[in-house]
Amino acid sequence: MTPETLLSEETLFKGKVVTLGKQTVRLADGQKALREVVHTTGSAGILALDGDRALFVSQWRAPLKQVTVELLAGRIEVGEDPRDTAARELNEEAGLQAGRLTPLTQFYQAAGFSDALCHLFLAEDLTSVADKRPQDAGEFVDAQWLTLKEAQLLQAQGVICDAKTVLGLALWANRKG
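In terms of the UniProt record's numbering, the sequence shown opens at residue 1 and continues consecutively.
So this is what it looks like as structure tokens:
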């Protein structure tokens, strides 16, 4: 497979979370094409386990126009290590810290148009933090503990529907055998 050659890229929009760009590329057959791309700093997701339950959050997702149930996650700040992002989000969203925070996998969330890379971590040996960080402004989440069967039912109902959580459920089910 011959890769495309990037000829130029123009920034169309730069926001707090994403940058939208337009790339001009040369294809393998010599033709030029335009690509719309979304750049992000990536995210860290957390599969937080306590016995036979995992921690999830319910939150409104404007693009989907629905409340979803998801694994905890957050945007990686510029220059931040993904492990630090995971620890920060576990504190902010649940008031917890992990005795063990282990990388599970990383994946591109929508490789066809975005470089959004999600780092998924397993959080174990959870304890309450002495100093809970506030949630991000404008973020309203409700934490809940679910068994694997309960989470799989929510996935079947379309309430759990994002890539990191679906992948996290599959990895959790695989761990359980």
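Cβ coordinates follow ideal geometry from the N, Cα and C atoms, glycine included.
- DSSP places Pro-82 inside the alpha helix (DSSP H), whose first and last residues are 82 to 94.
- Sixteen is the threshold: since fewer than 16 other Cβ atoms of the shown chains lie within 10 Å of the Cβ of Val-17, the residue is exposed.
- Contact between Leu-122 and Thr-102 holds: CB atoms are separated by about 5 Å, below the 8 Å threshold.
- Taking a contact to require three or more Cβ pairs closer than 8 Å, the region 51 to 61 and the region 75 to 86 do not qualify as touching.
- Per DSSP, the continuous beta strand (DSSP E) segment holding Leu-47 begins and ends at 43 to 50.
- Around the beta carbon of Ser-128, fewer than 16 other beta carbons sit within 10 angstroms, so the residue counts as exposed.
- Nearest in C-alpha terms to Gln-106, of all of Glu-92, Arg-88, Ala-73, is Ala-73.
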